[in-house]
Structures are given as structure tokens and as C-alpha cells.
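**Q**
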Amino acid sequence: MKLYLDTSAKRTILKLDDQTYEWDSDRDLAKHLLGFIRDKLHENHADWHDLSELHFFTGPGSFTGLRIGATLVNTLAHELNIPIFDQSGRPLQIAFPSYGKPANITSPKK
Numbered sequence: 010m011k012l013y014l015d016t017s018a019k020r021t022i023l024k025l026d027d028q029t030y031e032w033d034s035d036r037d038l039a040k041h042l043l044g045f046i047r048d049k050l051h052e053n054h055a056d057w058h059d060l061s062e063l064h065f066f067t068g069p070g071s072f073t074g075l076r077i078g079a080t081l082v083n084t085l086a087h088e089l090n091i092p093i094f095d096q097s098g099r100p101l102q103i104a105f106p107s108y109g110k111p112a113n114i115t116s117p118k119k
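Residue 10 is where the sequence shown starts when you use our numbering, and the numbers rise one by one after that.
Structure follows, in C-alpha cells:
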């Protein structure tokens with residue numbers, strides 16, 4: 010089963026083979042992303058070990074959303090020993106977010 014994940018915006022997009030799911034994750038992404046994917050796998054009578062490859066939308070998009078998605082995809086790929094591809098189908102060793110511009114990091118207030 011192929012998993013595609015796009016966490017670049019407030020609406021998360023998950024595809025499992027030909028099934029597409031959308032979730033208004035907004036600020037709950039880190040807390041509920043793993044459960045969202047688990048639940049959709051179960052709806053398809055599958056589990057983590059049924060995944061054969063991961064496709065990740067690397068960006069541009071939300072700084073935090075892309076970091077959370079990349080962390081999850083990299084962890085799954087490592088633990089399940091399956092390949093990662095970007096949104097164009099290019100194989101990746103590790104999924105790195107592409108923000109489209111340099112991060113706007115402000116100076117500490119203290």
C-alpha cells in the first residue's frame with residue numbers, strides 16, 4: 010500500500026493507494042497525525058506493515074507542518090524499512106522540507 014502525505018497547510022491530505030482523505034488539522038497536527046493515519050489504515054483493513062512506500066509533499070508550505078510531516082515520514086521509512094519519494098516520485102534518502110524561502114526567525118525577546 011502506498012501512502013502519500015501532505016502537511017504543508019492547515020488541511021492535511023492523506024492518500025492510501027487511490028483513497029484520499031482530508032483533515033482540518035491546523036494546530037492539532039502533531040498531537041493527532043499518527044492516530045489519523047492509523048485510523049485510515051484500519052478503515053482500509055490495513056496496518057503499518059502493509060505500507061510499501063511513502064510519498065511526501067516536501068513543500069513549499071507551513072514551516073511547522075512540513076517539519077512534523079517529514080519527521081513522521083522519515084521515522085516510518087526507517088522503522089518499516091520502506092522507501093520515501095517526493096511529490097514528483099523522486100526517491101529520497103531522507104525527506105527534507107522545502108519552505109520556498111528562508112525561515113523568518115525572529116530574535117529572542119530576552
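Note that CB positions come from ideal geometry on N, CA and C, so glycine has one too.
Helix, strand or coil, according to DSSP, for Lys24 in the structure here?
**A** Position 15 of the sequence shown, counted from the start, is the residue given in the question as residue 24. If DSSP states are grouped into helix, strand and coil, Lys24 belongs with the strands.
**Q** If you check the beta carbons only, do Leu25 and Leu12 fall under 8 angstroms apart?
**A** To locate residue 25, count along the sequence shown from 1; it is residue 16. To locate residue 12, count along the sequence shown from 1; it is residue 3. Yes.
**Q** Using three-state DSSP, classify Phe45 as helix, strand or coil.
**A** In the sequence shown, counting from the first residue as 1, residue 45 sits at position 36. DSSP places Phe45 in helix when its eight states are reduced to three.
**Q** Kindly indicate which three-state DSSP category Phe105 falls into: helix, strand or coil?
**A** Taking the sequence shown and counting its residues from 1, one reaches residue 105 at position 96. The three-state secondary structure of Phe105, taken from DSSP, is coil.
**Q** Suppose you measure from the CA of Ile114 to the CA of Arg20; what does that come to, to the nearest Å?
**A** Along the sequence shown, one-based indexing puts residue 114 at 105. Along the sequence shown, one-based indexing puts residue 20 at 11. Roughly 24 angstroms separates the two Cα atoms.
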